[in-house]
Structure formats: C-alpha cells, structure tokens
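When the letters of the sequence shown are read in order and numbered with the numbering used here, they come out as residues 7 to 430.
Using N, Cα and C, we set each Cβ at its ideal position, and we do this for glycine too.
Have a look at the structure below before the remarks.
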Amino acid sequence: MHTRSMVKYPIWDFVCRYLVKFLAKLAQDSEVNKMTPSNIAIVLGPNLLWSKTEGTLAEMAAATSVHVVAIIEPIIQHADWFFPDDVDFNVSGMFVAMTPEPDPGPFERRRPGSLVDGDTPRKDRYLSYPRSSPRPSPGWICYAEKTHGEFILPYVSSTRSPQQMMGSLVKGFFAGQQGLNPQQIYHVTVMPCYDKKLEASRPDFYLEEADTREVDCVITSGEVVKMLEEEKVLLSDVEPAPLDTMFSSVCGDELLGHAGSGSGGYLHHVFTHAARQLFGEEVKELTYKTLKNKDFQEVTLERDGVVVLRFAATYGFRNIQNLVQKLKRGKSPYHFVEVMACPSGCLNGGGQVKPLPEQNNKELLQQVEDLYKEERPLVPEEDQHVAELYQSWLQSVGEERARELLHTQYHAVDKATNGLLVKW
7 MHTRSMVKYP IWDFVCRYLV KFLAKLAQDS EVNKMTPSNI AIVLGPNLLW SKTEGTLAEM
67 AAATSVHVVA IIEPIIQHAD WFFPDDVDFN VSGMFVAMTP EPDPGPFERR RPGSLVDGDT
127 PRKDRYLSYP RSSPRPSPGW ICYAEKTHGE FILPYVSSTR SPQQMMGSLV KGFFAGQQGL
187 NPQQIYHVTV MPCYDKKLEA SRPDFYLEEA DTREVDCVIT SGEVVKMLEE EKVLLSDVEP
247 APLDTMFSSV CGDELLGHAG SGSGGYLHHV FTHAARQLFG EEVKELTYKT LKNKDFQEVT
307 LERDGVVVLR FAATYGFRNI QNLVQKLKRG KSPYHFVEVM ACPSGCLNGG GQVKPLPEQN
367 NKELLQQVED LYKEERPLVP EEDQHVAELY QSWLQSVGEE RARELLHTQY HAVDKATNGL
427 LVKW
C-alpha cells in the first residue's frame with residue numbers, strides 16, 4: 007500500500023498509531039495469546055470497516071474477506087515501517103495459555119473423505135521418502151509458506167482439508183446433481199479456527215470458470231453462538247430434527263465419529279494403515295507417549311525390538327519450531343507428523359466457544375472431547391457412503407481431475423518480497 011494512499015486513513019492519529027503498535031507487540035507473543043497478525047486482521051477488520059448500525063453479526067461475518075485481511079495484516083506486520091516513531095509496550099504477563107497442561111485429546115470427529123485419501127502410505131514411499139510428513143492446518147501452512155518455504159513444503163501432505171474437500175464436493179458434484187451453476191450455491195462452513203477463513207480465500211480454491219469460491223463464507227463456532235444470542239435463540243429450547251439428506255444416501259442419517267485426535271485423526275488413521283499395509287500388523291489401539299509436554303506425543307511400532315514406524319503429534323508453534331529445527335539439523339526421527347498450530351489442537355481453536363464464567367478452559371476442552379467420544383466410530387475404509395461417492399463422482403472425471411479435486415498445492419513466499427505487495 008503506497009504511503010500517499012495511506013494518508014486517506016487516520017494513520018497519523020495518536021490513538022490509531024498506538025493501537026497498531028500495540029497489536030504488533032501482541033502478535034509477537036502469539037504462541038500464548040493466539041493473536042497472530044492474520045487472526046487480528048480477521049477479527050478486527052470487520053469491526054473497523056463495518057458500522058454497528060449497518061447489519062447483524064451474520065452480515066458482518068459474511069463481509070470478512072481476503073480484502074480486509076490484505077489491508078490490516080500487513081499494517082500490523084510492518085508497524086515499525088508505517089509508524090517509525092519509538093512507541094513501545096510491555097505486554098509480558100498480560101496473557102496466559104488458553105489451556106494450561108491440557109490433557110491429550112484422543113477423541114475425534116468424522117472426516118472420512120479426507121482420511122481415505124490422506125496420502126495413505128505405500129512401501130516404496132516408506133523406503134525412499136524423507137523421514138517426515140507433517141499434516142496441514144491453515145495456521146501451520148501459512149507459517150511454513152512464509153517462513154521455511156521450499157525446505158518444508160515438499161514434506162507436507164497435499165491432501166485437502168475436510169473444509170476444502172467439502173467445497174470441491176458441494177460446488178462440483180452436488181451442483182451437478184441438482185442441475186445448478188456453482189455460483190447459485192452459497193457454501194458456508196462452521197469451523198473452530200479463524201485461519202479457516204484465510205484457507206477458504208486462497209486462490210487455489212477459486213473456480214475461475216464459474217467465477218466463485220469453493221467455500222463462500224467461514225463462520226467460527228464462537229460466531230454461531232453470538233448469532234444465536236442476537237436472535238435470542240437457545241438451542242436447548244429447539245426441538246431435535248433429522249439431518250437433511252441432500253446427497254442421496256452418501257451423507258447417511260447420523261453424525262459419526264472415528265478414532266484419533268480432535269484435530270482430524272490423521273495420525274491414527276495413517277499409522278494403523280501403514281502398520282497393516284507395510285508390515286501386516288493390525289493395530290487396534292495406539293499408545294501415545296508424551297515427550298516434552300502434552301502437546302508433543304509420539305507413537306511407535308516395533309518388530310523384533312526395532313522401531314519400524316515412529317509418528318508424532320505436534321501442536322502449538324513452540325513445538326512446531328522445535329520440530330522444524332530438528333528437520334533442519336537432520337535429527338528428526340519421524341515418518342509422519344500431525345501438525346496443528348493451536349495448542350491442544352483444533353478442539354482448542356481460537357474460534358471455539360468460550361467457557362462459561364464458572365468454567366475454565368481445561369474443563370471446557372474436556373467436555374468437548376467427551377462429546378466427540380460419544381459419536382459412533384466408523385473406520386473410513388469401511389464407510390460405504392464414501393465408496394459410493396468415489397464411484398459416482400471421482401471415477402467419472404478421470405484420475406488427473408480427481409487428484410485436483412482432492413489435493414492442493416503450497417506456495418513458498420519469497421522472503422525478499424515486500425510483505426505489502428504479496429498477492430493474497
């Protein structure tokens with residue numbers, strides 16, 4: 007953004023100048039407070055650009071877009087460039103970790119399509135690939151692209167996230183089934199993470215031929231609660247109703263769970279699949295070993311006293327940074343790593359519902375994990391609905407197009423590039 011255009015905004019105003027510098031300082035401690043520049047931009051942007059008298063929170067959430075983030079985030083990232091005056095704050099101790107000493111979350115929600123296609127291991131890959139394959143979360147991907155680029159990106163699984171796989175499904179398969187143009191469908195997802203808004207806005211998930219995004223609007227679970235409060239609706243007062251069945255029998259008539267973490271269950275699925283395919287071992291339950299902290303755990307498979315598979319779950323940027331440093335030194339022993347930016351994973355995401363006044367974060371997290379555990383588990387490979395979907399949708403479009411629909415790609419950001427000129 008050119009300085010001349012910036013004078014149109016109140017950047018030289020005393021309060022604004024101090025606010026931006028303060029937010030930049032908070033962003034430096036994002037490991038604890040989760041206030042990354044992108045999260046601040048997503049939350050703060052609509053409030054700065056949207057009058058309280060101009061609509062509901064739902065309309066404001068829908069207005070949150072990559073354009074807002076593209077303005078606010080670089081200003082926070084380059085606060086010293088915009089405001090070179092010596093303004094400083096001491097924010098140490100202002101925030102504590104969202105969930106101190108969280109219990110490991112072994113419970114998980116169902117995302118069978120993403121799991122079935124989740125880069126399932128083959129013996130040739132096990133023998134020849136580098137010993138690491140981190141799983142993507144949008145915050146982790148943003149960090150990897152901007153900070154480590156081509157060093158780390160080749161190791162990241164290319165399988166789409168459940169949100170973007172659903173976007174491909176809704177704007178492609180479902181639109182065709184209903185005889186609709188993709189533009190005629192407004193696709194909304196509810197997610198635990200503000201970074202999912204950024205993920206949906208990536209150019210990779212824009213359908214140029216239809217001039218529409220695969221996911222039009224992302225609303226966090228916390229925003230859903232606020233919308234219900236605006237409408238004075240209590241879910242406890244709403245009568246239960248059956249799930250809508252819009253994909254014929256593909257969706258089924260109930261919510262299902264599966265084994266694994268509350269962040270996708272990828273480690274559990276890939277580990278059990280690898281043990282079976284590579285070594286003929288049927289692993290029923292995984293034993294997680296806690297390493298430095300509860301957010302860094304590993305699982306191993308031994309044969310004749312020798313470890314033949316070593317997987318890890320790494321949550322939170324502090325653990326992620328330690329993992330990357332091990333990779334750079336060639337000291338990482340892992341064949342596969344499930345990586346999530348948020349401490350305690352997605353169930354503790356920044357967009358999740360906040361605890362009640364009489365409840366702490368740890369208690370709420372445990373309650374959410376228990377709710378996930380109540381869902382009936384299903385092994386993804388045994389899900390007939392997914393098999394039906396593969397046959398009716400993906401086999402009809404050809405192998406190359408099917409891969410495009412289920413996979414994505416990542417883009418290293420040149421460190422020499424001015425952050426203000428990056429095309430989001």
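Item, Value
"My understanding is that N325 touches D301, with C-beta atoms under 8 Å, so please give their C-beta distance in whole angstroms.", "5 Å"
"Measuring only the C-alpha atoms, how far is E410 from K368?", "39 Å"
"Note down, in chain order, each residue of its chain lying with its Cβ closer than 6 Å to the Cβ of D420, except the 5 sequence neighbours on either side.", "none"
"Under a three-way DSSP split, which group does M252 fall into?", "coil"
"Verify whether the separation of the beta carbon atoms of Q358 and G228 is less than 8 Å.", "yes"
"Which whole-angstrom value is the C-beta distance of K203 and P188, which I expect to be below 8 Å?", "Not a contact, Cβ separation roughly 20 Å."
"Can you give me the C-alpha to C-alpha distance between Q401 and A408, rounded to a whole angstrom?", "8 Å"
"Which residues does DSSP pair with F342 in a beta bridge?", "F317"
"Considering just the uninterrupted stretch of the alpha helix (DSSP H) at L411, what are its terminal residues?", "405-412"
"Does the separation of the CB atoms of T320 and V343 fall below 8 Å?", "yes"
"With DSSP as the reference, label R282 as helix, strand or coil.", "helix"
"Taking G356 as the reference, which of S143, Y200, I158 has the closest Cα?", "Y200"
"Anyone know if the C-beta pair for Q303 and A318 falls short of 8 Å?", "yes"
"Whole beta strand (DSSP E) runs in the region 330-374 with 3 or more residues, listed along the chain?", "342-346"
"Quick check on P198: buried or exposed, where buried means 16 or more other Cβ atoms within 10 Å of its Cβ?", "buried"
"Hey, out of R23, M171, S350, Q83, whose CA is closest to A30's CA?", "Q83"
"Which residues bound the alpha helix (DSSP H) around Q34?", "No alpha helix (DSSP H) contains Q34, which DSSP labels as neither H nor E."
"Since I believe T165 is in contact with H417 (beta carbons under 8 Å), could you give me their beta-carbon distance rounded to a whole number of angstroms?", "Going by Cβ atoms, the distance from H417 to T165 rounds to 17 Å, so no, they are not a contact pair."
"So what's R23 in DSSP terms, helix, strand or just coil?", "helix"
"Just list the alpha helix (DSSP H) runs in the region 169-238, keeping only unbroken ones of 4 residues or longer that don't cross its boundaries, in chain order.", "201-206, 227-236"
"Could you pull the DSSP bridge partners for K295 from this structure?", "E304"
"Is V385 helix, strand or coil when you go by DSSP?", "coil"
"I'd like to check one pair, R309 with F285: are the Cβ atoms closer than 8 Å?", "yes"
"Do P361 and L353 have their C-beta atoms within less than 8 Å of each other?", "no"
"Since V419 sits in a beta bridge, which residues does DSSP pair it with?", "For V419, which the question treats as bridged, DSSP gives no partner whatsoever."
"If I measure Cβ to Cβ from T293 and keep anything under 8 Å in the same chain, skipping five residues before and after, which residues do I get?", "V305"
"Please report how far the alpha carbon of F180 lies from the alpha carbon of E220, in whole angstroms.", "12 Å"
"Looking at V194 and I225, is the spacing between their C-beta atoms short of 8 Å?", "yes"
"Looking only at its chain, what residues have a beta carbon closer than 7 Å to the beta carbon of A281, apart from the 5 residues adjacent to it on each side?", "E287, V289, L307, L315"
"Could you check whether E205 and Q183 sit closer than 8 Å to each other, using their CB atoms as the reference points?", "no"
"The alpha helix (DSSP H) with Q390 in it runs from where to where?", "390-395"
"For G145, which residues of its own chain have a beta-carbon under 6 Å away from its beta-carbon, when the five flanking residues on both sides are left out?", "D201, A347"
"In the DSSP assignment, the alpha helix (DSSP H) including G145 goes from what residue to what residue?", "144-149"
"Taking only three categories from DSSP, how would you classify I46?", "helix"
"Just mark S350 as buried or exposed, buried being the case when its beta carbon has 16 or more other beta carbons within 10 Å.", "buried"
"Please classify R382 as buried or exposed, where buried requires at least 16 other C-beta atoms within 10 Å of its C-beta.", "exposed"
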